[in-house]
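Q: Starting off with a structure, shown below.
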Amino acid sequence: MTGTAVSPARRNVRLYFAFIFLMDFSLWGGIWIKFLTVGQGLELKWILAMDLPFWLLVAFLNAPLGALADHIGRKRVLAAGALAFSVTILGFGFTSNYWILFLDYVIWAVAMALRSGADQALVYDSLKEAGEESRFRWVAGRGFATVLTAGLAGVILGGLLAEATSLAFTVKVSALFPLMAMVAVLLMREPHVPHAERHYWRDLRSGMSFAWTHPQLRYALLLGSVMLTAGFVPVVLVQPFLIEYDVATGLYGIYQAPLRIVSVLAAVVAFRLATRAGVSKVFIASGAGIVVAYAGIALIDARAAFAFFAVPALIQGLFRPTLDSYINERTPSERRATVLSVLSLLFSLQLAFFEPVLGVVTDDISIQAAGAVSALLFLAILPPLLLLWRQAHRDLRHQPGEPVLEAAAGG
130 MTGTAVSPAR RNVRLYFAFI FLMDFSLWGG IWIKFLTVGQ GLELKWILAM
180 DLPFWLLVAF LNAPLGALAD HIGRKRVLAA GALAFSVTIL GFGFTSNYWI
230 LFLDYVIWAV AMALRSGADQ ALVYDSLKEA GEESRFRWVA GRGFATVLTA
280 GLAGVILGGL LAEATSLAFT VKVSALFPLM AMVAVLLMRE PHVPHAERHY
330 WRDLRSGMSF AWTHPQLRYA LLLGSVMLTA GFVPVVLVQP FLIEYDVATG
380 LYGIYQAPLR IVSVLAAVVA FRLATRAGVS KVFIASGAGI VVAYAGIALI
430 DARAAFAFFA VPALIQGLFR PTLDSYINER TPSERRATVL SVLSLLFSLQ
480 LAFFEPVLGV VTDDISIQAA GAVSALLFLA ILPPLLLLWR QAHRDLRHQP
530 GEPVLEAAAG G
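If you number the sequence shown the way the numbering used here does, the last residue is 540 and the count never jumps.
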């Protein structure tokens, strides 16, 4: 490949890092629920009720907006997504009633669906055009570190800025960063790489059919989606917890940043741990840890109970890479994307209904009650799923010719 193609590809990589940093540098991310509840007088249960249409809309829009990206170019779609995200954040800053909040959530769903996977696809196509696809794994790893850095910096600085100025100012000024991200992506060069026509719904049906006829995948997807939902609970409950125990706004980032660090450190050692202990032990310990963590929040009415939120963060870091490896090793390469899309769909559907329930329980009863509901729900669901998955996993290991991670599948 000529140097004329290599240079734009490397420029696109640099702009990609700038884009994802600016999109994930969320000064507002650690304080927005406090702003809407304490600052604007909205009720948490109605805020989280918006997640029902939000997650359903995200799931529905993935197909048409993915097709749009293939048709007009990923650069334009990403720029539109960044603009929509900026409008979303600014809208939150001016939200004074539930109708405006609902409109914000609709725009947010559009922004999320516009971005979904398109940024990595654009940079991959850039490298492919230049004959440098082998660099993509390095780019993806560096991108993960960039997102982590942006998120940590944003949540810490956002709390400090809100303490020094106001919650409203912090939310509104956060809208500037997606606008800068939009400029960064518009400076990228759209690679000229042919794409096969995508049939999202047909592929999704195919992925569901494949997973359903392979019990180890069927139960891994069901178990995985429930565990991902369980790991999302702190996103909903952390800020209401800090509000209930009257934690100073300037400390919001200080409280939340370690949770992110714990998750990333766990992800770093996940493969090594799964190899030594076995996938079964990782899955079982993760399920038990989730129940214990939310039981702790339910039973201990003290600020120190915040430490229990570190357990789901730790488990997410361990569980997700192990689950992804398990699915990838048991799925043909041409079906991996569609099978993983089934996982995303199941996760979105569960969140759409579970988040509003948590909002009602937290608002009308207490944080402790929300912890109890979470603990009891996952105590009821996880053991049967673990038993079904473990049986299918054991049966698979006795079938010759099936792809199995022998080193990582023990136990």
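Beta carbons are placed, not taken as given, at the ideal position from N, Cα and C, and that holds for glycine.
Since the model is a prediction, treat every value here as computed from it, not as a measurement.
1. For glutamine 520, is the classification buried or exposed, using 16 other Cβ atoms within 10 angstroms of its Cβ as the cut-off for buried?
2. Can you tell which of Lys204, Gln385 and Ala349 has its C-alpha closest to the C-alpha of tryptophan 157?
3. Are the CB atoms of phenylalanine 183 and alanine 259 within a distance shorter than 8 Å?
4. Between the C-alpha atoms of valine 397 and glycine 446, what's the straight-line distance to the nearest angstrom?
5. So the candidates are Ala279, Ala291, Ala504 and Asp153; which of them puts its Cα closest to the Cα of glycine 360?
6. Please tell me whether arginine 459 and leucine 351 are closer than 8 Å, where the distance is taken between their beta carbons.
7. Determine, using beta-carbon pairs with one atom in the segment 424–442 and one in the segment 304–313, whether at least three such pairs fall under 8 Å.
8. What is the DSSP secondary structure of arginine 139, counted as helix, strand or coil?
9. If serine 470 sits next to glycine 270, beta carbons under 8 Å apart, how far is it from one beta carbon to the other, in whole angstroms?
10. How about glycine 287 and serine 155: do their beta carbons lie closer than 8 Å?
11. Can you look up alanine 259 in the DSSP assignment and give me helix, strand or coil?
12. If you measure between the beta carbons of glutamine 368 and isoleucine 162, is that distance less than 8 Å?
13. Express the C-alpha separation of lysine 174 and aspartate 492 in angstroms, rounding to a whole number.
14. List the whole-angstrom C-beta distance separating valine 391 from alanine 313, where the pair is believed to meet the contact cut-off of C-beta under 8 Å.
15. For aspartate 147, collect the residues of the same chain with a Cβ closer than 6 Å to its Cβ; drop the 5 residues on either side in sequence, then sort them by chain order.
16. Restricting to Cα atoms, I'd like to know which of His343, Ala417, Glu373 and Gly280 is closest to proline 461.
17. On the criterion of 16 or more Cβ atoms from any shown chain inside 10 Å, does serine 136 qualify as buried, or is it exposed?
18. Whether or not the segment 218–233 and the segment 248–266 are in contact is what I'm after, with contact meaning three or more pairs of Cβ atoms, one per stretch, closer than 8 Å; do they touch?
19. Just checking my contact of leucine 186 with serine 354 at CB under 8 Å: how many whole Å lie between their CB atoms?
20. Is serine 245 helix, strand or coil by DSSP?
21. Could you give the DSSP three-state label for glycine 220: helix, strand or coil?
22. I need the boundaries of the alpha helix (DSSP H) containing glycine 283, first residue and last residue.
23. So what's glutamine 169 in DSSP terms, helix, strand or just coil?
24. Looking only at its own chain, which residues have a Cβ that is under 8 Å from the Cβ of proline 485, when we skip the five neighbours before and after it?
25. So serine 392 is in the alpha helix (DSSP H); what residue range does that whole segment cover?
26. Along the chain, where does the alpha helix (DSSP H) that runs through aspartate 430 open and close?
27. Please check the pair leucine 207 and aspartate 248, which I expect to be a contact at CB under 8 Å, by giving their CB distance rounded to whole angstroms.
28. Would you mind working out which of Val276, Pro363, Ala349 and Tyr381 sits nearest leucine 296, comparing C-alpha positions?
29. Considering only residues of the same chain and omitting the five flanking positions on each side of valine 502, which have a CB-CB separation below 6 Å?
30. How many Å lie between alanine 304 and leucine 517 at the Cα?
31. Can you look up glutamate 319 in the DSSP assignment and give me helix, strand or coil?
32. Please name the residue, chosen from Val302, Thr294 and Ile444, that lies closest to threonine 378 on a Cα-to-Cα basis.
33. Tyrosine 348 lies in the alpha helix (DSSP H); which residues open and close that run?
34. What is the DSSP secondary structure of methionine 179, reduced to helix, strand or coil?
35. Is it buried or exposed for arginine 523, if we count other Cβ within 10 angstroms and need 16 for buried?
A: So, from the data block:
1. exposed
2. Looking at the Cα atoms, Gln385 is the closest of the given residues.
3. Taking a C-beta distance under 8 Å as the contact criterion, alanine 259 and phenylalanine 183 do not qualify as a contact pair.
4. 8 Å
5. Ala504
6. no
7. no
8. helix
9. Rounded, the Cβ-Cβ distance is 23 Å, inconsistent with contact.
10. yes
11. coil
12. yes
13. 6 Å
14. 30 Å between Cβ atoms; not a contact.
15. Note that residue 147 corresponds to alanine in the displayed sequence, not to aspartate. Correct list, in chain order: Ala313.
16. Answer by Cα proximity: His343.
17. The residue in question, serine 136, is exposed, as its Cβ has fewer than 16 Cβ neighbours within 10 Å.
18. Here the segment 248–266 does not lie against the segment 218–233, with fewer than 3 beta-carbon pairs under 8 Å apart.
19. With a Cβ gap of about 19 Å, leucine 186 and serine 354 do not count as contacting.
20. coil
21. Helix.
22. 265–293
23. coil
24. Lys174, Leu177, Ala178, Asp180 and Leu181
25. Per DSSP, the continuous alpha helix (DSSP H) segment holding serine 392 begins and ends at 381–406.
26. Counting along the chain, aspartate 430 falls outside any alpha helix (DSSP H), and DSSP gives it neither H nor E.
27. 6 Å
28. If we check each option's Cα against that of leucine 296, Tyr381 comes out closest.
29. Val490
30. 46 Å
31. coil
32. Threonine 378 has its Cα closest to that of Thr294, out of Val302, Thr294 and Ile444.
33. 344–373
34. coil
35. exposed
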